[in-house]
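I have placed the structure first, in the form of structure tokens, so that the comments after it can refer back to it.
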Amino acid sequence: MIKSIYSKLIIATGLLFFVSVCSFAQKDFQGKAYYYSKTSVDMTNFGRPGMSEEQKKRIADRMKSMFEKTYILTFTQSESIYKEEEKLEAPSEGGRGGGRFAMMSSSFTGGPQYKNVKSKELLQDQEFFGKQFLIKDSLPQYNWEMGSETKQIGKYMCFKATATIQSNAYDFTNFRRRPDREETNNKKQDSVKVKATNKEENTTREIKIVAWYTMQIPVNQGPGEYWGLPGLILEVNTDKTTILCSKIVMNPEEKSTIKVPTKGKKVTREAYNVIVKKKTEEMRENFRGRGGRGGGNRRS
């Protein structure tokens with residue numbers, strides 16, 4: 265009985281896919297998919313010694329908002345541009361502190377990302393701490409494992425696919441406070457922990473990707489750098505991030521131009537990751553110094 269139902273589902277999906285392909289091939293189309301992205305942040309033992317719980321909570325709330333974004337993917341059969349949806353900034357709270365977190369937020373937000381699935385080209389226009397970069401790479405190759413599990417996202421029937429990648433990107437969602445130097449010197453055990461933490465940050469991490477795609481929109485596009493499935497990817501779950509499509513508009517009346525990014529210093533993704541890691545470490549040390557012995561002479 266179950267096998268019969270599954271067979272009928274496969275046949276129905278196949279027919280739907282065939283009709284969709286014919287429909288998309290008949291004309292030059294464009295689509296827009298709206299995504300909500302949320303990344304969990306490790307705030308374990310966050311904050312400098314002596315910081316009140318109220319201060320920690322206020323900072324944690326601001327850090328959390330840095331990693332909750334909405335994006336628009338504009339796509340055709342071969343090209344796409346993925347960028348954050350423009351919003352009016354809310355008035356910052358806490359004076360200079362609010363401005364500091366606004367700067368951090370803009371620095372960690374990816375710029376417009378261009379994908380060409382025919383030429384396998386990936387370009388990202390990225391501003392980082394006042395410097396303009398053009399990250400240029402080939403599209404990542406995912407060894408997708410196609411599953412039979414399905415679920416409904418809006419009005420679209422979606423299929424599950426999984427892949428595993430090795431990543432050496434800096435994990436800037438980890439804001440755990442490191443032990444002070446005095447603590448490290450007093451406790452040998454703490455020194456061992458610090459060395460272990462540094463080792464973990466410098467190693468390649470294995471990340472599992474779970475994607476849900478619909479063959480009702482037969483393009484191998486998706487949010488961010490994700491692509492390569494026989495239908496538009498509507499949901500992605502990775503290490504700490506969930507990206508979910510909330511709305512799709514096919515052939516909008518007002519078409520958008522998909523522009524290839526050209527501005528900025530050209531760097532590879534690997535080189536850019538090194539730059540981000542170095543700057544983030546500097547920023548982390550500066551925050552620690554403001555409240556510790558290293559920042560005793562500074563005015564906060």
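Count along the sequence shown starting at 1, add 264, and that's the number in the working numbering. Cβ atoms here follow ideal geometry from the backbone N, Cα and C, with glycine treated the same way.
Do THR303 and THR505 have their C-beta atoms within less than 8 Å of each other?
For the purposes of this step, residue 303 is taken as the residue at position 39 of the sequence shown. For the purposes of this step, residue 505 is taken as the residue at position 241 of the sequence shown. Yes, these two residues count as a Cβ contact at 8 Å.
Using three-state DSSP, classify ASN595 as helix, strand or coil.
The chain is shown only over 265 to 564; residue 595 falls outside these bounds and no answer can be derived.
Just the Cα atoms here: how many angstroms apart are LYS321 and VAL305?
Position 57 of the sequence shown holds residue 321. Position 41 of the sequence shown holds residue 305. So the alpha carbons of these two residues sit roughly 13 Å apart.
Look up VAL538 in the DSSP assignment and say whether it is helix, strand or coil.
Your numbering for residue 538 matches position 274 in the sequence shown. Of the three classes helix, strand and coil, the one that applies to VAL538 here is helix, per DSSP.
On the CB-based measure, 16 or more other CB atoms within 10 Å of its CB, does SER383 come out buried or exposed?
Against the sequence shown, residue 383 aligns to sequence position 119. Its Cβ having fewer than 16 others within 10 Å, SER383 is exposed.
Do three or more CB pairs link the stretch 390–401 to the stretch 478–486 at distances below 8 Å?
no
Quick check: LYS379 and LEU403, are their CB atoms within less than 8 Å of each other?
As a first step, residue 379 is located in the sequence shown; it is residue number 115 there, counting from the start. As a first step, residue 403 is located in the sequence shown; it is residue number 139 there, counting from the start. The answer is yes: Cβ separation under 8 Å.
Would you mind giving the Cβ-Cβ distance between LYS296 and ILE336, rounded to the nearest angstrom? I have them listed as a contact below 8 Å.
Translated into the one-based positions of the sequence shown, residue 296 becomes position 32. Translated into the one-based positions of the sequence shown, residue 336 becomes position 72. Contact holds; Cβ gap of about 6 Å.
Would you decide whether ASP292 is buried or exposed? Buried here means 16 or more other CB atoms lie within 10 Å of its CB.
As a first step, residue 292 is located in the sequence shown; it is residue number 28 there, counting from the start. Answer is exposed; the Cβ neighbour count stays below 16.
Got a sec? Which residues, its chain only, sit under 6 Å from MET474 by beta carbon, not counting five neighbours each side?
Here residue 474 refers to the residue found at position 210 when the sequence shown is read from its first residue. Inspection of the sequence shows that residue 474 is occupied by Val rather than by Met. Closer than 6 Å at the Cβ level, and outside the excluded window around VAL474, lie THR426 and ASN501.
Look at the alpha carbon of VAL299 and the alpha carbon of ASP503, and state the distance between them as a whole number of angstroms.
The sequence position of residue 299 within the sequence shown is 35, counting from 1. The sequence position of residue 503 within the sequence shown is 239, counting from 1. It is worth fixing the name first, because residue 299 is Tyr in this sequence and not Val. So the two alpha carbons sit approximately 18 Å from each other.
Cβ separation of CYS422 and THR414, assumed to be a contact under 8 Å, to the nearest whole Å:
Residue mapping note: residue 422 aligns to position 158 of the sequence shown, counting from 1. Residue mapping note: residue 414 aligns to position 150 of the sequence shown, counting from 1. Rounded, the Cβ-Cβ distance is 6 Å, consistent with contact.
On a Cα-Cα basis, can you pick out the residue from LYS328, GLY495, LYS527 and GLY314 that is closest to TYR420?
Along the sequence shown, one-based indexing puts residue 420 at 156. The shortest C-alpha separation from TYR420 is found at GLY495.
Quick one: measure Cβ to Cβ for ARG469 and SER431, integer angstroms, because I've assumed they're closer than 8 Å.
Sequence index remark: in the sequence shown, residue 469 carries index 205 (1-based). Sequence index remark: in the sequence shown, residue 431 carries index 167 (1-based). Their Cβ separation, rounded to whole angstroms, is 5 Å, which keeps ARG469 and SER431 in contact under 8 Å.
Does MET547 come out as helix, strand or coil in the three-state DSSP assignment?
Your numbering for residue 547 matches position 283 in the sequence shown. Reduced to three states, the DSSP call for MET547 is helix.
Using only the alpha-carbon positions, how far apart do ASN537 and GLY314 sit?
Locating residue 537 in the sequence shown gives position 273, counting from the first residue. Locating residue 314 in the sequence shown gives position 50, counting from the first residue. One C-alpha to the other measures close to 33 Å.
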